[in-house]
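Student: I have a structure I would like to understand better, so I am pasting it below and will then ask my questions one at a time.
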Amino acid sequence: MKNVNKTNDKEKFRPVVGIDLGTTNSAVAYIRYGKPEIISSPNGKELIPSVVHVDTSGKIVVGKDAASALVAMPSRTIAAVKRKMGSSESIDIAGKKLLPHEISSLILKELKGYVDRVFGEGEKEAVITVPAYFTDEQRRETKLAGELAGFIVERIINEPTAAALAFGFEHIDENSHILVYDLGGGTFDVSVVEMMDGILEVKASTGNNYLGGEDFDWKLVDLFAEKMIAKHRVDPREDLRGRALLKEEAEKAKILLSTEESVRVSLPIVTVRENQPLGFEIVLHRKDFVQLIDEMLLETIDSVRNVLKEAKLRSADLDEILLVGGSTRIPRVAELISDFFQKEPRVDIHPEEAVVLGAAIQAGLKSGVLSKDGLIVTDVTPYSMGIAVLKEWQGLAIHPGGFHVIIPKNTTIPTTRSEMFCTSRAGQSAVSIEIFQGESEWAKKNHILGDFLLEGIPPNHAGAEEIEVVFRYNINGILEVTAKCVSTGEQMSVTVQDALVRNSQELYLESVNRLQEFLKKATSSDEEEWEGFQIMMQEMLQEEEEDDEYEDELTHDELREEAITLSERTKAMVGNYRGNERRQIKQMVSKLNKAILKDDFEELQTAIDKVTDKLIDLEM
Ligand code: AMP
């Protein structure tokens, strides 16, 4: 039998690679001769810039060459797309529009090419890392990006967990508490990990998905722009190329300030006005730069405090502090950390490579190349997850309701939790299960993950029918929810995962279409295969849509009754409020009363929603 692994024929393995899809840089690694090793790009680079460029002939360029085009051709070049994952914001590139995960898939496709050079062409399994604080949606989009690039995404793991794995792999005999402080280009994460007899247990994780080196660069861009406005009354940020140039210089200056006390930034041409080149010059001192970003850095120390609290540890309990991510090279970061812990962080780990090496170790454990009894890792849920419920509040049952947590934040995963709920109205035949992720006691203030309707509940008294809701959070950090009507048994159960899969199939199809259009490289046989696949998927989606149609949950009479109760109770509460708030409540009650008189279903529903939304806002 032919061995596809050209470089490593000693070990029998199914190739599973580890990927760090970073805001600034990305990399792919695998286990070679029992150790993680990065697969370098054809020009010998371990990390490639996460930048995508479309050249003038329409060719896609990813990595270093793409990064070089950021200033020259900003409208054809995209950087830091990871910051937009989960936003469904369309991104313009070379006159076309792509979604963030589609652009990410182009970066992953480039990495896939490196993997294919080692193992030969074909589908490969991959473990991809994400910030611990990524939402379920951001995780799913990352998985989707991997699939679009031709990987079978075996697992999504948290970046600080991967970094801890890379460390744990080298220090397997130590028993210690480790703090992983991960400040990269776009995100910040901090995790507390306990290492005991080869078991790495993540105790708690927190962070900020929108804080990193990019923000520091933009602070400097603003400073440079102010300088130009003062000198020439021109804002260079309004010009796409000027903006890209300032950003590039800002990052260079920032990096230099990690080793130098001061730098001179001299740009004679940033933009042009009336054929006159306009530029600026500035001498930047490290302390001025620190002043610009200190508030953000201090915020990260607040997160460190919080994560310790959640892990129920004191700063003195931490044995090791790992600094991960390129932005931890800023000397002020190490200074704040060592002041806080009264201990120096480790210097023997590579801040930019630890994550991908850890991902490769996880991939090695998965494929069996690394022995499973050597190292085991557990993780935690970064957010609480639960469902919307009717929430009793000042004697009112209000909509859309409160948030009932089923899996609390920082629960060790994989985990399964179940809870019993009951019907709230007589004769209720269906319950709507709305799933949220977040920490607010109000569902609408959290992030919705999905919803579905459990139908076929036998008519009974209010509270008589029990519904069991089961949450399963798997090792990939992806949730499945099932609801079951206890009295009728299994056939009444519905899983949310069906809904999630359906969405992602739709999303997958749309993405493949857009990417195909974008790349315009399909061969005719690919196209035929593709058309067949599309027809099959569309038929499937249509069938599911038909299954999904359901009646409104409340009857007209029930809705009217609810509106009357809400109106009476809200009126009774008006006395608790003063001024503007009191006026607003009165106005809404009056609108609600008008809707009751008119007795129109839609208007009643809208008026009820408005009153309850306002009541929730007042409560906040
Ligand atoms: P990462 O996401 O870990 O690749 O980190 C990338 C971020 O680290 C980018 O914002 C870089 O500008 C930043 N970075 C890399 N090296 C340095 C350095 N020496 N000093 C400050 N920031 C750096």
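In the working numbering, each residue's number is its place in the sequence shown (first place is 1) plus 457.
Don't be surprised by glycine CBs; every beta carbon is placed ideally from N, CA and C.
Source: prediction; values computed, not measured.
Report the residue from A687, T785, E658 whose alpha carbon sits nearest the alpha carbon of T869.
Tutor: To locate residue 869, count along the sequence shown from 1; it is residue 412. Residue E658 is the option with its Cα nearest to T869.
Student: Identify, in the order they occur along the chain, each residue of the same chain with its Cβ nearer than 8 Å to the Cβ of T835, setting aside the five sequence neighbours on each side.
Tutor: Taking the first residue of the sequence shown as position 1, residue 835 is located at position 378. Cβ neighbours of T835 beyond the five flanking positions: I656, L657, E658, V659, T869, I870.
Student: What does the alpha-carbon distance come out to for the pair H904 and P865?
Tutor: Translated into the one-based positions of the sequence shown, residue 904 becomes position 447. Translated into the one-based positions of the sequence shown, residue 865 becomes position 408. C-alpha separation (whole angstroms): 15 Å.
Student: Return the chain-ordered list of same chain residues with a C-beta closer than 7 Å to the C-beta of M652, the five sequence neighbours on each side being excluded.
Tutor: In the sequence shown, the residue the question calls residue 652 occupies position 195. Within the same chain, M652 has close Cβ partners G625, E631, N632, S633, I635.
Student: Starting from the Cα of K688, find the closest Cα among G736, G670, F673 and give me that residue.
Tutor: Locating residue 688 in the sequence shown gives position 231, where the first residue counts as 1. Looking at the Cα atoms, G736 is the closest of the given residues.
Student: Looking at the unbroken alpha helix (DSSP H) that takes in H807, where does it start and where does it end?
Tutor: On the sequence shown, position 350 is the one that residue 807 refers to. No alpha helix (DSSP H) holds H807; DSSP gives it neither H nor E.
Student: For the structure I just gave you, are there three or more beta carbon pairs, one from the region 524-544 and one from the region 567-579, closer than 8 Å?
Tutor: No: fewer than three Cβ pairs fall under 8 Å.
Student: Return the chain-ordered list of same chain residues with a C-beta closer than 6 Å to the C-beta of D774, the five sequence neighbours on each side being excluded.
Tutor: To locate residue 774, count along the sequence shown from 1; it is residue 317. If we look at D774 and ignore the five residues flanking it on each side, its Cβ neighbours are H634.
Student: Which residues in the same chain have their Cβ closer than 6 Å to the Cβ of D639, if we skip the five residues on either side of it in sequence?
Tutor: On the sequence shown, residue 639 is found 182 positions in, with the first residue counted as 1. Only E616, P617, D646, V781, G782 meet the Cβ criterion.
Student: Can you tell me where the alpha helix (DSSP H) holding F681 begins and where it ends?
Tutor: By 1-based counting over the sequence shown, the position of residue 681 is 224. Here the alpha helix (DSSP H) through F681 covers 670-689.
Student: Tell me which same chain residues have a C-beta within less than 7 Å of the C-beta of E891, skipping the five on either side of it?
Tutor: As a first step, residue 891 must be located in the sequence shown, where it is residue number 434. The residues are I844, A845, A900, I905, D908.
Student: Looking at ligand 1, does it come within less than 8 Å of E708, judged from the CB to the closest heavy atom?
Tutor: Sequence index remark: in the sequence shown, residue 708 carries index 251 (1-based). For ligand 1, at least one heavy atom lies less than 8 Å from the Cβ of E708.
Student: In whole angstroms, what is the alpha-carbon distance linking S1047 and N1033?
Tutor: Position 590 of the sequence shown, counted from the start, is the residue given in the question as residue 1047. Position 576 of the sequence shown, counted from the start, is the residue given in the question as residue 1033. Near 17 Å, if we compare the C-alpha coordinates of N1033 and S1047.
Student: Quick one: what does DSSP say R771 is sitting in, helix, strand or coil?
Tutor: To locate residue 771, count along the sequence shown from 1; it is residue 314. Reduced to three states, the DSSP call for R771 is coil.
Student: Would you mind sorting G552 into buried or exposed? The rule is 16 or more other CB atoms within 10 Å of its CB.
Tutor: Taking the first residue of the sequence shown as position 1, residue 552 is located at position 95. Counting Cβ neighbours within 10 Å, G552 comes out exposed, since fewer than 16 surround it.
Student: So what's Y1034 in DSSP terms, helix, strand or just coil?
Tutor: By one-based count along the sequence shown, residue 1034 stands at place 577. Looking at Y1034 - three-state DSSP - the assignment turns out to be coil, as it is neither helix nor strand.
Student: Is F673 near ligand 1, in the sense that its beta carbon is under 8 Å from a heavy atom of that ligand?
Tutor: For the purposes of this step, residue 673 is taken as residue 216 along the sequence shown, with counting starting at 1. Yes; taking the cut-off as 8 Å, the Cβ of F673 has a heavy atom of ligand 1 nearer than that.
Student: What are the residues that DSSP puts in a beta bridge with I585?
Tutor: Position 128 of the sequence shown holds residue 585. DSSP output for I585 lists I476, I613 as bridge partner(s).
Student: Is Q894 helix, strand or coil by DSSP?
Tutor: By 1-based counting over the sequence shown, the position of residue 894 is 437. Q894: strand per DSSP, three-state reduction.
Student: Evaluate Y667 with the Cβ neighbour count: other Cβ atoms within 10 Å of its Cβ, from every protein chain shown; 16 or more gives buried, anything less gives exposed.
Tutor: Position 210 of the sequence shown, counted from the start, is the residue given in the question as residue 667. The residue is exposed, with fewer than 16 neighbouring Cβ atoms inside 10 Å.
Student: As a quick exercise: from Y487, E896, Y840, pick the residue whose alpha carbon is nearest that of G859.
Tutor: Reading the sequence shown from its first residue, position 402 is the one you call residue 859. When only C-alpha atoms are compared, the closest one is E896.
Student: From which residue to which residue does the alpha helix (DSSP H) around Q799 run?
Tutor: As a first step, residue 799 is located in the sequence shown; it is residue number 342 there, counting from the start. Element bounds for Q799: n/a, residue is neither H nor E.
Student: For F975, tell me which candidate among L847, E559, V813 has the shortest Cα-Cα distance.
Tutor: Residue 975 sits at position 518 when you count from the first residue of the sequence shown. Closest by alpha carbon: E559.
Student: State the start and end residues of the unbroken alpha helix (DSSP H) segment that holds L713.
Tutor: Start at 1 with the first residue of the sequence shown, and residue 713 comes out as number 256. Residues 697-713.
Student: Spatial neighbours of R700 within its chain, please: C-beta separation below 6 Å, excluding the five flanking residues on both sides.
Tutor: In the sequence shown, the residue the question calls residue 700 occupies position 243. For R700, where only same-chain residues beyond five positions count, the Cβ hits under 6 Å are R694.
Student: Could you check whether the Cβ of I476 sits closer than 8 Å to any heavy atom belonging to ligand 1?
Tutor: Against the sequence shown, residue 476 aligns to sequence position 19. Answer for I476: no, Cβ out of range of ligand 1.
Student: Count the other CB atoms, across all protein chains shown, that sit within 10 Å of the CB of E1008; report buried if there are 16 or more and exposed otherwise.
Tutor: One-based indexing of the sequence shown puts residue 1008 at position 551. At E1008, the pLDDT of 37 sits below 50, so the modelled position is not reliable and the matter cannot be decided from this model.
Student: By Cβ distance, which residues of its chain are closer than 7 Å to E1015, with the 5 residues on each side in sequence left out?
Tutor: Residue mapping note: residue 1015 aligns to position 558 of the sequence shown, counting from 1. Excluding sequence neighbours, E1015 sits near R882.
Student: Start and end of the alpha helix (DSSP H) containing E594?
Tutor: By one-based count along the sequence shown, residue 594 stands at place 137. Taken as a continuous stretch (DSSP letters only), the alpha helix (DSSP H) holding E594 covers 593-605.
Student: Under 6 Å Cβ to Cβ from V761, same chain only, skipping five residues before and after it: list those, please.
Tutor: Residue numbering aside, residue 761 sits at position 304 when the sequence shown is read from its first letter. Cβ within range, chain order: V647.
Student: Count the CB pairs spanning the region 783-790 and the region 585-596 that are closer than 8 Å, and state whether there are at least three.
Tutor: Short answer: they don't touch.
Student: Only counting runs of 3 or more residues, tell me where the beta strand (DSSP E) segments fall wholly within the region 489-523, in order along the chain.
Tutor: If we require 3 residues or more, the beta strand (DSSP E) runs fully inside the region 489-523 come out as 492-495, 508-511, 517-519.
Student: Compute the minimum distance between the beta carbon of V747 and the heavy atoms of ligand 1, and state whether it is under 8 Å.
Tutor: Here residue 747 refers to the residue found at position 290 of the sequence shown. No - ligand 1 has no heavy atom lying nearer than 8 Å to the Cβ of V747.
Student: Note down the Cα distance separating D549 from K676, rounded to an integer number of angstroms.
Tutor: Indexing the sequence shown from 1 puts residue 549 at position 92. Indexing the sequence shown from 1 puts residue 676 at position 219. Computed Cα separation, rounded: 24 Å.
Student: Taking only the alpha-carbon atoms, compute the straight-line gap between K569 and G607 and give it to the nearest angstrom.
Tutor: Position 112 of the sequence shown holds residue 569. Position 150 of the sequence shown holds residue 607. The alpha-carbon atoms of K569 and G607 are separated by roughly 8 Å.
Student: List the whole-angstrom C-beta distance separating T663 from N763, where the pair is believed to meet the contact cut-off of C-beta under 8 Å.
Tutor: Counted from its first residue, the sequence shown places residue 663 at position 206. Counted from its first residue, the sequence shown places residue 763 at position 306. At roughly 5 Å, the Cβ-Cβ gap stays under 8 Å, so T663 and N763 are in contact.
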